[in-house]
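S.K.: Sharing a structure with you now.
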Amino acid sequence: MASADRAGRARYGAPVGRIRQITAVLGRLGEGGVPDARDHLAALVESQAAELDRLRGRLTEVEEERDAQRRLIADLTARVDALEPAREHMTRWLEDHNRGLSDLVSAQHGLEEGLAAVRTAAEHAENWLTGHSTALDGLHVRTDELERAEAVRVFTEWLDQAELAAAPRISVVLPTHNRAALLPKAVESVRAQRYPNWELVIVDDASTDDTPEVIAALTDPRIRSVRTEHGRACAARNTGLAEATGEIIAYLDDDNTMHPLWLKAVAWAFAKNPEVNTAYGGFVIDATDRADRVGLPLLVLTPYSRERLLEENLADMGALAHRADHPAAHFDESLRQMGDWDLLLSLTADRDPLVIPAVACYYSTGASNRLSQGPHYQVDSAAIRAKHTPSP
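Here it is as structure tokens:
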């Protein structure tokens, strides 16, 4: 900065000094008699000297600004130099991490491929488990069926030899309509019972075939019959209930046959359990009327559950028994089908039934006009559920 000032003064100071010397000379000339020219020239020279002084001052300011910029540049340069090691470190770090990211991307691709393979294996395993779970479920069901069948076998063998302490009178209600060819077999299954104290009430629901003649030919004094106007199965069963004289009521359809020990099982169950007012047993489904039967007969003996009973029937009409004085022992005559389901729901509304481990009847699938089949299934099912499902 000092050297710049000295250079400026050397540059502009000498001319100014010379100008002032000229002014002094001109002053002396003016004293010789040329005042106007002298004054004019002096004023002009002074004006130029003042302008030169201003320019010199501005030059000094510019030089100071330049020096300040140089100092700033030097400071920034020093800072940049100081940041260089950090920049180099960061560059190396980024290079290393770029390589690491590249490795990570490669590893991620490998992982995704591995996960895809694992998912595929998991799907295969799930499919395998699903198939085996289905098989296991079927095995569990089959195991339950076998256990119930074994319980029935053991109980039946015991019951066949047992001596009963009591022998209550059992009324069997059997409605029929135009089943002259089937009725004798059903009647004979009742007469073949190994329990003697029974009566059979046959309700002829206005048959137009040979059913009246078949009934008239029956000579067993324990068999009674009554003929009604055609009012369908529920009305016919109510008629049979009104005619029954036994302490216990059992049922049989005209296309089914009763197991020889069923009435003995019923008598034992109610005598052994005086608190019980309703009971049901198992039944065997078999296409007994077909010559080309396929497979084995199926034993159905379903454990009692109120929740399940609200969804579906658990017992066939021929597998149901109850005390004659049960207040709910009445069939809903508005139903065309499934009167047995509705009755079982009514009988067990306040007390669970006893499930007897015995075969009650053989359920034939061969009859084409079963009383329990027909076109009103959906309507009557909805009505029964609405009738017995508790209000929320």
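Counted from 1, the sequence shown has number 281 at position 274 by this note's numbering; the numbering is strictly sequential. Built from N, CA and C at the ideal position, the CB exists for glycine as well. Note that the structure is predicted; figures quoted are calculated from it, not measured.
Just how far apart, CA to CA, sit residue 308 and residue 228?
M.R.: Distance between the alpha carbons of residue 308 and residue 228 is about 33 Å.
S.K.: Name the DSSP bridge partner or partners of residue 205?
M.R.: 177
S.K.: Going by the C-beta, is residue 309 closer than 8 Å to any heavy atom of the ligand ATP?
M.R.: This structure lacks the ligand ATP, and indeed carries no ligand of any kind.
S.K.: Pull up the DSSP beta-bridge partners for residue 330, would you.
M.R.: 255
S.K.: Tell me which residue opens and which closes the beta strand (DSSP E) that residue 369 is part of.
M.R.: Looking at the DSSP string, the run of the beta strand (DSSP E) that includes residue 369 is 361-371.
S.K.: For residue 284, count neighbouring C-beta atoms within 10 Å of its own C-beta (all shown protein chains included) and say buried if the count is 16 or more, exposed if not.
M.R.: buried
S.K.: With a cut-off of 8 Å on the beta carbons, I'd call residue 193 and residue 259 a contact; round off their distance for me.
M.R.: 6 Å
S.K.: So residue 255 and residue 328 are supposed to be a Cβ contact under 8 Å. How far apart are they, rounded?
M.R.: With 8 Å as the limit, residue 255 and residue 328 qualify as a contact, their Cβ atoms being about 6 Å apart.
S.K.: What is the DSSP secondary structure of residue 232, counted as helix, strand or coil?
M.R.: strand
S.K.: Considering Cα atoms alone, identify which of 171, 262, 88 is closest to residue 188.
M.R.: 262
S.K.: What span of residues does the beta strand (DSSP E) with residue 290 cover, start to end?
M.R.: Looking at the DSSP string, the run of the beta strand (DSSP E) that includes residue 290 is 285-293.
S.K.: Thinking residue 210 and residue 179 are a contact (beta carbons under 8 Å), I'd like their distance in whole angstroms, please.
M.R.: Not quite, the Cβ-Cβ distance comes to about 11 Å (not below 8 Å), so this is no contact.
S.K.: First and last residue of the beta strand (DSSP E) that includes residue 306?
M.R.: 305-307
S.K.: Whole-angstrom Cβ separation of residue 206 and residue 176, contact assumed at under 8 Å?
M.R.: 7 Å
S.K.: Relative to the alpha-carbon of residue 287, which residue among 304, 278, 310 has its alpha-carbon at the smallest distance?
M.R.: 310
S.K.: In terms of residue numbering, what span does the alpha helix (DSSP H) encompassing residue 218 cover?
M.R.: 218-223
S.K.: Mark residue 54 as exposed unless 16 or more other C-beta atoms lie within 10 angstroms of its C-beta, in which case mark it buried.
M.R.: exposed
S.K.: Could you check how far apart the C-beta atoms of residue 278 and residue 172 are, in whole angstroms? I think they sit under 8 Å.
M.R.: The Cβ separation is near 6 Å, so the contact holds.
S.K.: Would you call residue 126 buried or exposed, if buried means 16 or more other Cβ atoms sit within 10 Å of its Cβ?
M.R.: exposed
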